[in-house]
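Participant:
Protein chains: 2
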Amino acid sequence: MKQVTLKQIAENLGISITTVSKALKNYPDVSKKTKALVKEEAKKLQYKPNVFAVNLRTKQSKTVGLIIPEVVHHFFSSVINGIIEQAEKKGYLVIILQSNESYKLEKKQIDLLISKRVDGIMISLASTTVDISHLQEVQSLDIPLVMFDKISKLIPCSKIVIDDRKAAYDATKHLIDSGCKRIAHFRGALLPQNSIDRFLGYKKALEDHGLTYDPSLVYICENVNYEEGREAAERLLKEHNDVDGIFTITDLVAVGAIAVFNERGVKVPDDISIMGFSNWFVSQAITPSLSTIDQPGYEMGKRTFKQLYKEMKAKKEGAPLPPKIKTLDTFVIKRNSTK
Amino acid sequence: MKQVTLKQIAENLGISITTVSKALKNYPDVSKKTKALVKEEAKKLQYKPNVFAVNLRTKQSKTVGLIIPEVVHHFFSSVINGIIEQAEKKGYLVIILQSNESYKLEKKQIDLLISKRVDGIMISLASTTVDISHLQEVQSLDIPLVMFDKISKLIPCSKIVIDDRKAAYDATKHLIDSGCKRIAHFRGALLPQNSIDRFLGYKKALEDHGLTYDPSLVYICENVNYEEGREAAERLLKEHNDVDGIFTITDLVAVGAIAVFNERGVKVPDDISIMGFSNWFVSQAITPSLSTIDQPGYEMGKRTFKQLYKEMKAKKEGAPLPPKIKTLDTFVIKRNSTK
DNA sequence: ACGAAAATCGAAAACGTTTTCGGTTAAGAA
DNA sequence: TTCTTAACCGAAAACGTTTTCGATTTTCGT
């Protein structure tokens, strides 16, 4: 009825705990016979090692932490899948925590992971995060850390990212190539790096193709959500009825804008073309379906964990690795919101 | 540089480990003076108890497991939020695992949670789950278990659910009230209880309102996804052009159907009305916005953890609680896909 | 049959905490 | 002063595992 331990097995077999432990882990200094015996007995009793004791003894939890702004997001959920798949292969459990884009919560989640003594941490920063002392603490505790997607340049750790500027450039160029002459940009808040980079990519594409950059065509969506997409679209219709293309910082904002255009009878893409970013699942489900930029979430997750794993291993072996930065490719997905 | 322990503090202060431990936990048999001293030193050294040792000693992890079919789902993500919020209040960490609607994976995740020795488990079943031996194992190990939303009647544990049959009845009635005379149903697989219940509610509503139930108007969406929604809609258009209303098992399927109708020039809701289920976030973002049934995910999560907490507590006190079943209310959300 | 080498085993310490229970000290009562 | 009681402290065991290192046994060549 109660917990089966090594001791239990040892007593049943009349051998020592040591031997049982070693037999189970295939140490070379226990005979084939005893190994077989022990394993059989262990199976019979359904022995499961007490993970608490193992953790205490080995000083590692075989658990890693993952902090993301929001789980309900196609991009992050593919990252999660990529991470979990790799983690499972190596026998690691992933604790997923959300920051809800809040710095305060992010800090709390980091503390939680530290107190649970995870072996490593992966994080995509909240957009409101500016203070990075919590991340510095992680590093000072010598806990391997890998950042992805939304990163901070101030922390010297490995990073897996996309080239936001280039992707935004490509998106904008796609609009230009399809004939747009006056292109607006619904951007994110002023601070987050990816918001900045996407804006810069947009601007550069305009300039490179003989279109003048007009600051009044840039709308800020502070929280990057559906509602703000709608608001920005409403304002755009009032203020700039000559615009024939929009590049939005993310699909959700684009979906809000499309909803407004549909309601107002503005034809997409005939009257106005729209380009999203992220290839959120819904972008293919709406009418018209949304052209967008594919972010390789799964791949990013996969690489993130792999890098973390390398660093955890290197740490155990006492040979810490230098930080490494990997940029993944993105590409344009043409659907029906652009010509 | 290295890990601060009770021993460390004890040595610094020239007292015993015992006293340090007791001081930190406010035992009555240590003087105010020493308590203050110990706490100060602990703070100075930034002492953090070694959770591995605590777990081992107390035989509990202050961690609970949550298994859901998919995280990227508005309903489940509100459940998650409800659970996490409550869990945090009680100092519990929630390990979130996905079953991807696969029985095999679900079983594996249960095993993982068991091996990590969580103090309790919350689960919403995968739609393919029929064998329930893994859940029986949880119970035989005496791990508190609470099921929500997608449950199995065969497991005697507490459950937090909605009345699927009534909700489906309401949804269908809404279509009838708005003037639909010939109503199709895009249902889920044959096995899952909620798929069955929603079908029954649909059928009952028809019968109660003088509409004849026609089995050929019931389409099965095995995996309940966007693509299947599209396929069912295509078939419906070919096979039954007289249908003027559809009740779908879930929003995602409805969104697929709406996409097809939009493309084919079928007017929603004028030619055909559509009713979803779940109030997925996207249902308000598409054109036309989708009328649906609101499932109280947050409330469900909240109650699920509360119930689990009660049972974990009762277990510790050696006074196990009898299973309890709670049914939450749902209601119709009228949007633009119905008249 | 003897010894050396190889194979096999186990005692014990350690990981850091919690908690019981007995011991010591201080305070107050006689 | 001496005894009783209360206040405070600490030794030690326990949780279940891993791993080192020494001890014992077996094998095998001569």
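Just so you know, the protein sequences line up as chains A and B, in that order. Just so we're aligned, residue -19 is where the first sequence starts under this note's numbering, counting upward by one. Just so we're aligned, residue -19 is where the second sequence starts under this note's numbering, counting upward by one. Quick reminder that beta carbons are idealized off the backbone N, C-alpha and C, glycines included.
1) I think residue 162/A touches residue 250/A, with their Cβ atoms under 8 angstroms apart; what is that distance to the nearest whole Å?
2) Roughly how many angstroms lie between the CA atoms of residue 207/B and residue 58/A, to the nearest whole one?
3) Let's see if you can read the secondary structure: which residues bound the beta strand (DSSP E) around residue 323/A?
4) Could you say if the segment 107 to 127 of chain A and the segment 286 to 305 of chain A meet the contact criterion of at least three C-beta pairs nearer than 8 angstroms?
5) Considering residue 87/A, what are the terminal residues of the alpha helix (DSSP H) in which it resides?
6) For residue 128/B and residue 10/A, what's the separation of their Cα atoms in angstroms?
7) Taking all protein chains shown into account, do 16 or more other C-beta atoms lie within 10 angstroms of the C-beta of residue -2/B, making it buried, or fewer, making it exposed?
8) Taking 8 angstroms as the CB-CB cut-off, is residue 35/A touching chain B?
9) Report yes or no: is there a C-beta of chain A within less than 8 angstroms of the C-beta of residue 96/B?
10) Who are the neighbours of residue 54/A on chain B, taking C-beta pairs under 8 angstroms?
11) At a CB distance below 7 angstroms, what residues from the segment 266 to 278 of chain B approach chain A? Give them in sequence order.
12) Nearest chain B C-beta to residue 281/A closer than 8 angstroms, yes or no?
13) Rank -17/A, 230/A, 271/A by C-alpha distance to the C-alpha of residue 39/B and give the top, closest one.
14) Based on DSSP bridge pairs, tell me the residues matched to residue 99/A.
15) Please list, in chain order, all residues of the same chain as residue 114/B whose beta carbon is under 6 angstroms from its beta carbon, the five residues on each side excluded.
16) Find the residues of chain A that neighbour residue 259/B, judging by a C-beta separation of less than 7 angstroms, and give them in chain order.
17) Under DSSP, the alpha helix (DSSP H) around residue 266/B begins and ends at which residues?
18) Which partner residues of residue 225/A appear in the DSSP bridge assignment?
19) Please return the same chain residues whose Cβ sits closer than 8 angstroms to the Cβ of residue 142/B, not counting the five positions on each side in sequence.
20) Closer than 7 angstroms between beta carbons: that is the criterion. Which residues of the segment 188 to 216 of chain A meet it against chain B?
21) To which residues of the same chain is residue -4/A closer than 8 angstroms at the C-beta, ignoring the five residues directly before and after it?
22) Would the C-beta of residue 111/B count as close to the ligand PLP, meaning under 7 angstroms from any of its heavy atoms?
23) If we require 4 or more residues per run, which alpha helix (DSSP H) segments fall completely within the segment 35 to 77 of chain B?
24) Does the beta-carbon of residue 165/B have 16 or more other beta-carbons within 10 angstroms, so that it is buried, or is it exposed?
25) List the residues of chain B that residue 92/A touches, going by C-beta distances under 7 angstroms, in chain order.
26) Spell out the partners DSSP gives residue 118/A in its beta bridges.
27) Applying the 10 Å Cβ sphere with the 16-neighbour rule, what's the burial state of residue 77/A?
28) How about residue 108/B and residue 65/B: do their beta carbons lie closer than 8 angstroms?
Facilitator: From the atom records:
1) Incorrect: roughly 15 angstroms between the Cβ atoms, too far for contact.
2) 19 angstroms
3) Any property of residue 323/A remains undetermined from this structure, which presents chain A solely from -19 to 319.
4) yes
5) 83 to 95
6) 48 angstroms
7) exposed
8) yes
9) yes
10) 52
11) 266, 267
12) no
13) -17/A
14) Looking at the DSSP assignment, residue 99/A forms no beta bridge with any residue, so it has no partner.
15) 87, 90
16) Correct list: empty, because the minimum Cβ distance to chain A is about 13 angstroms.
17) Unbroken run through residue 266/B: none, as it is neither H nor E.
18) 163/A, 253/A
19) 129, 275, 276, 280, 307, 308, 309, 310
20) 206
21) -10
22) This structure simply doesn't include the ligand PLP, nor any ligand for that matter.
23) 54 to 69
24) buried
25) 73
26) Residue 118/A is not bridged to any residue.
27) buried
28) no
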